[in-house]
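Please read the structure below before turning to the comments.
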Amino acid sequence: MSSTLPEEIVELFGDDPHPERSWRLLAPVDQHFVEQIALRAGTDPGRMTRVDFLRLDADARRRRERRMQQWYQSWPYMRTGQYRLAERRIAALPEPKPGRAPDLLAAPFITGESGVGKTFFLKHVAMRAITESAWNRRLDLEDGLVESDPTYRSTWRPVIWHSLQGNPTPKSLFRTLCSSLGVPTGDDPHASFTMAAQRHGVRWIFLDEMQMVNYDGQYGRYLHDALKALQNQGFRLVMGGHNMRSVFRRQKTAAQNAARMQSEARWAFIDFSRYEHRTPQQVKEWRTLLGRLDDRLRLEGHEPGERVLSERFEEYLWVSTLGYANSLATLVTDACIGAMRTPSQRITRALLDDGGVEDRVAQGRQERIRLWESGRLSWSTDWPAWAV
């Protein structure tokens, strides 16, 4: 059956035979969240010769440049080994049903160094939780299992996403969660959110940047208890944060450690790391990752199917980025946009040398490149990323 939805949106619904019906059940804010992620790349700009590009008028050239920039700045979702493992663990969780007896399963907690793709992964999981919830919702409505009042459906919000900022207190966190549902907080923000979440059909709560919480302080202990209460009420909690294992190890008092132990019993850490380049399997995965990026090149100077990044610059890119996903994305994006503006339309070593990476991998980058060029770089060395 043909659909008026973009192909990228339809794919998110998997085997749902009526994705448009399910899609219409979502509130505009949730539709927008999905579209911002799934449609970020825009339409494929295709290839165009330099001669044809120069024949375009000024407006057409600018449109072309903007489409190309959007295409290259959108990082594709690639199911690497650690992504597949995390997906399987989250997919194995049963459908959350707040208000019923909670399953008390441990909440997935994506952790690791900054720059390894945790937030990117979490947003895609949240996006899929939204579309899967919409399919479930449509089936429940058709089977007469839930209210069918149009007003109730229009405010249905199965998934809440929030990225923590500053040093949140339990009250400030729940005020923000209430705000995301468009409801007032009252004197007790936690109670206000719980009641609002039940009214609006919230099932999943995603909390990112959890390292922002001062777990050593009084509020950190209270927040532990508040998150535990959400799990006890049957909401499916999924979290992310930098180096959370070491954050918890820094807690000092007996009370803080007691709160930590309670949370760790309910949280299932899933560790993300940078891409390594030591074993044959690690090198294969790195090349596969770069190969997916090769498939997205739309530069006329490179033949379709040419292995530019995954063969010609494979080792150079790892030495420059130390396998950090965010640094790789920055470096490759800079090179692609730079090449787009040159007569040759080719990615060159000079463009890559000029490309930016995160400060922590920029330190020592030139020395690593010199060692690599001279054949003296040891791939087995645990190269440090400074200022982690």
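For what it's worth, UniProt numbering labels the leading residue of the sequence shown as 1, then goes sequentially. Ideal Cβ positions, reconstructed from N, Cα and C, are used throughout, including at glycine.
**Study point:** Proximity to Ala229 [Cα-Cα], best of Asn243, Trp204, Asp208, Thr194
**Key:** Here residue 229 refers to the residue found at position 229 when the sequence shown is read from its first residue. If we check each option's Cα against that of Ala229, Thr194 comes out closest.
**Study point:** Span separating the alpha-carbon of Pro102 from that of Pro94
**Key:** Counting from 1 along the sequence shown, the entry for residue 102 is found at position 102. Counting from 1 along the sequence shown, the entry for residue 94 is found at position 94. Whole-angstrom Cα-Cα distance: 11 Å.
Check your understanding: For the beta strand (DSSP E) that contains Ile110, what are its first and last residues?
Key -> Here residue 110 corresponds to residue number 110 of the sequence shown, with the count starting at 1. Element bounds for Ile110: 107-112.
Review point. Roughly how many whole angstroms lie between the Cα atoms of Cys336 and Val146?
Key: For the purposes of this step, residue 336 is taken as residue 336 along the sequence shown, with counting starting at 1. For the purposes of this step, residue 146 is taken as residue 146 along the sequence shown, with counting starting at 1. The straight-line gap from Cα to Cα measures roughly 50 Å.
Exercise for review: Drop a sphere of 10 angstroms on the beta-carbon of Gln82, count the other beta-carbons inside from all chains shown, and report buried for 16 or more, exposed for fewer.
Suggested key: For the purposes of this step, residue 82 is identified with residue 82 of the sequence shown, where counting begins at 1. Label assigned to Gln82: buried.
Exercise for review: Report the rounded CA-to-CA distance for Pro184 versus Cys178, giving the unit in angstroms.
Suggested key: Locating residue 184 in the sequence shown gives position 184, counting from the first residue. Locating residue 178 in the sequence shown gives position 178, counting from the first residue. Pro184 and Cys178: Cα-Cα distance of roughly 7 Å.
Check your understanding: For His162, which three-state DSSP category applies?
Key -> Here residue 162 refers to the residue found at position 162 of the sequence shown. Strand, per DSSP.
Check your understanding: Out of Pro168, Ile130, Arg138, which has the shortest C-alpha to C-alpha gap to Tyr222?
Key -> For the purposes of this step, residue 222 is taken as residue 222 along the sequence shown, with counting starting at 1. The residue with the shortest Cα to Cα distance from Tyr222 is Pro168.
Exercise for review: Could you pull out every residue in the same chain whose Cβ sits closer than 6 Å to the Cβ of Trp75, ignoring the five residues on either side in sequence?
Suggested key: Along the sequence shown, one-based indexing puts residue 75 at 75. Same-chain partners within the cutoff: Ala329.
Practice item. State yes or no: is the C-beta of Leu331 within less than 9 Å of the C-beta of Leu352? Key: By 1-based counting over the sequence shown, the position of residue 331 is 331. By 1-based counting over the sequence shown, the position of residue 352 is 352. Yes, Cβ-Cβ distance for Leu331 and Leu352 is below 9 Å.
Review point. In chain order, which alpha helix (DSSP H) runs of at least 4 residues are fully inside the stretch 49-99?
Key: 50-55, 58-73, 81-91
Review point. With distances taken from CA atoms, which of Ile90, Glu300, Asp334, Asp382 is nearest Ala350?
Key: Taking the first residue of the sequence shown as position 1, residue 350 is located at position 350. Checked all of Ile90, Glu300, Asp334, Asp382; the closest Cα to Ala350 is Asp334.
Point to revise | Which residues DSSP lists as bridging Asp271, in chain order | key: The residue you call residue 271 lines up with position 271 of the sequence shown. Answer is Thr111.
Review point. Three-state secondary structure (DSSP) at Trp204?
Key: Within the sequence shown, the letter at position 204 stands for residue 204. It is a strand residue.
Exercise for review: Excluding the 5 residues preceding and the 5 following Glu300 in the sequence, name in chain order all residues of the same chain whose CB lies nearer than 7 Å to its CB.
Suggested key: Locating residue 300 in the sequence shown gives position 300, where the first residue counts as 1. Cβ within range, chain order: Arg47, Met48, Thr49, Arg50, Gln345.
Review point. Exposed or buried, which one is Glu209 when buried takes at least 16 other CB atoms within 10 Å?
Key: By 1-based counting over the sequence shown, the position of residue 209 is 209. Buried, by the Cβ-count rule.
Exercise for review: Would you kindly work out how many angstroms separate the C-alpha atoms of Gln198 and Ile160, rounded to a whole number?
Suggested key: Counting from 1 along the sequence shown, the entry for residue 198 is found at position 198. Counting from 1 along the sequence shown, the entry for residue 160 is found at position 160. Distance between the alpha carbons of Gln198 and Ile160: 12 Å.
Practice item. Helix, strand or coil for Arg236, going by three-state DSSP, please let me know. Key: On the sequence shown, position 236 is the one that residue 236 refers to. Note: Arg236 maps to strand in three-state DSSP.
Practice item. Pull up the CB-CB distance for Trp267 and Ala106, whole angstroms please, since I reckon it's below 8 Å. Key: By one-based count along the sequence shown, residue 267 stands at place 267. By one-based count along the sequence shown, residue 106 stands at place 106. Between Ala106 and Trp267 the Cβ distance is about 6 Å, and since that is below 8 Å, they are a contact.
Check your understanding: Does DSSP put Gly241 in a helix, in a strand, or in coil?
Key -> Within the sequence shown, numbered from 1, the residue matching residue 241 stands at position 241. Note: Gly241 maps to strand in three-state DSSP.
Review point. Is the beta carbon of His190 less than 9 Å from the beta carbon of Phe174?
Key: Translated into the one-based positions of the sequence shown, residue 190 becomes position 190. Translated into the one-based positions of the sequence shown, residue 174 becomes position 174. In this structure, Phe174 lies closer than 9 Å to His190 by Cβ.
Check your understanding: So, is Glu285 buried or exposed, given that buried needs 16 or more other C-beta atoms within 10 angstroms?
Key -> For the purposes of this step, residue 285 is identified with residue 285 of the sequence shown, where counting begins at 1. By the 10 Å Cβ count, Glu285 comes out buried.
Review point. If you draw a straight line from the alpha carbon of Ser192 to that of Asp44, how long is it in whole angstroms?
Key: For the purposes of this step, residue 192 is taken as residue 192 along the sequence shown, with counting starting at 1. For the purposes of this step, residue 44 is taken as residue 44 along the sequence shown, with counting starting at 1. Cα-Cα distance, rounded: 45 Å.
Practice item. Could you check which residue in Asp143, Gly186, Leu289 has the C-alpha nearest to that of Arg274? Key: For the purposes of this step, residue 274 is identified with residue 274 of the sequence shown, where counting begins at 1. Selected option, being the one with the closest Cα: Leu289.
Review point. Quick one: does Arg84 have its CB under 9 Å from some CB of chain C?
Key: Although the question refers to chain C, the structure presented lacks it and comprises just one protein chain.
Practice item. For my contact list, Gly201 and Arg157 are in at a C-beta cut-off of 8 Å; report their separation, rounded to the angstrom. Key: In the sequence shown, counting from the first residue as 1, residue 201 sits at position 201. In the sequence shown, counting from the first residue as 1, residue 157 sits at position 157. About 6 Å; that satisfies the 8 Å criterion.
Exercise for review: Going by CA-CA distance only, name the one from Trp23, Val213, Ala38, Gly117 that's closest to Leu139.
Suggested key: Locating residue 139 in the sequence shown gives position 139, where the first residue counts as 1. Minimum Cα distance to Leu139 is reached at Trp23.
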